[in-house]
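Colleague: Numbering (the numbering used here), first residue to last: 144 to 326.
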């Protein structure tokens with residue numbers, strides 16, 4: 144991949160064949176991967192590979208670990224977040240059937256894959272970061288729920304970069320740029 148520029152507060156989708164590097168690109172942007180060639184420039188500043196880019200970024204990857212604890216604690220992760228905000232975020236991600244005090248089993252064994260991903264998304268949204276990276280966050284959801292959540296994300300006042308295999312025409316029209324990194 145060469146000369147890919149992401150600008151705040153634009154909305155991007157990264158598409159491409161399986162294994163072509165979509166998730167790897169997000170990991171590089173987030174700082175999770177430090178071994179790569181080239182440069183990452185954030186808000187016009189070249190970040191060295193040792194810089195922690197996470198301070199401005201909320202990153203939702205494909206693996207969400209959940210603790211044997213309340214839904215509130217699994218989303219807040221020790222941060223002071225109101226129960227009202229947690230309940231609002233649960234509604235945003237179509238999990239309003241759960242309350243903040245719902246008990247989650249270790250690893251989320253009492254939840255579906257799609258529910259786990261939406262809880263991970265709630266964690267990211269609760270951070271209120273200017274950049275949100277999303278790696279297949281709606282892959283385990285039905286089309287209507289996925290489109291509802293993606294529409295909400297694309298209306299937020301932040302930069303959104305999402306990796307997806309399923310991009311509806313309706314969502315495509317709401318994006319600033321679709322980047323195809325197929326081999």
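For each residue, glycine too, the CB sits at the ideal point set by N, CA and C.
What's the gap between the Cα of residue 157 and the Cα of residue 202?
Modeller: Going by the C-alpha atoms only, they are around 15 Å apart.
Colleague: Considering only the beta carbon of each residue, do residue 236 and residue 264 sit closer than 8 Å?
Modeller: Result yes, Cβ atoms of residue 236 and residue 264 sit closer than 8 Å.
Colleague: Assuming residue 319 contacts residue 159 under a Cβ cut-off of 8 Å, what Cβ separation, rounded to an integer in Å, is found between them?
Modeller: Contact flag wrong, Cβ pair sits at about 18 Å.
Colleague: Name the one or two DSSP bridge partners that residue 302 has.
Modeller: Its beta-bridge partners are 274.
Colleague: Please determine, among 312, 305, 287 and 182, the residue with the shortest C-alpha to C-alpha distance to residue 154.
Modeller: The shortest C-alpha separation from residue 154 is found at 305.
Colleague: Buried or exposed, going by whether 16 or more other CB atoms sit within 10 Å of the CB of residue 257?
Modeller: By the 10 Å Cβ count, residue 257 comes out buried.
Colleague: Between which two residues does the alpha helix (DSSP H) containing residue 224 stretch?
Modeller: Looking at the DSSP string, residue 224 is not in any alpha helix (DSSP H), and its letter there is neither H nor E.
Colleague: Roughly how many angstroms separate the alpha carbons of residue 151 and residue 166, rounded to a whole number?
Modeller: Between residue 151 and residue 166, the C-alpha separation is close to 20 Å.
Colleague: What distance in whole Å lies between the Cβ atoms of residue 232 and residue 114, which are believed to be in contact at a cut-off of 8 Å?
Modeller: Any question about residue 114 goes unanswered here, given that the chain covers just 144 to 326.
Colleague: Let me know the secondary structure DSSP gives residue 281 once reduced to three states.
Modeller: Coil at residue 281, not helix or strand.
Colleague: Taking the alpha-carbon positions, what's the residue 273 to residue 212 distance?
Modeller: Distance between the alpha carbons of residue 273 and residue 212 is about 28 Å.
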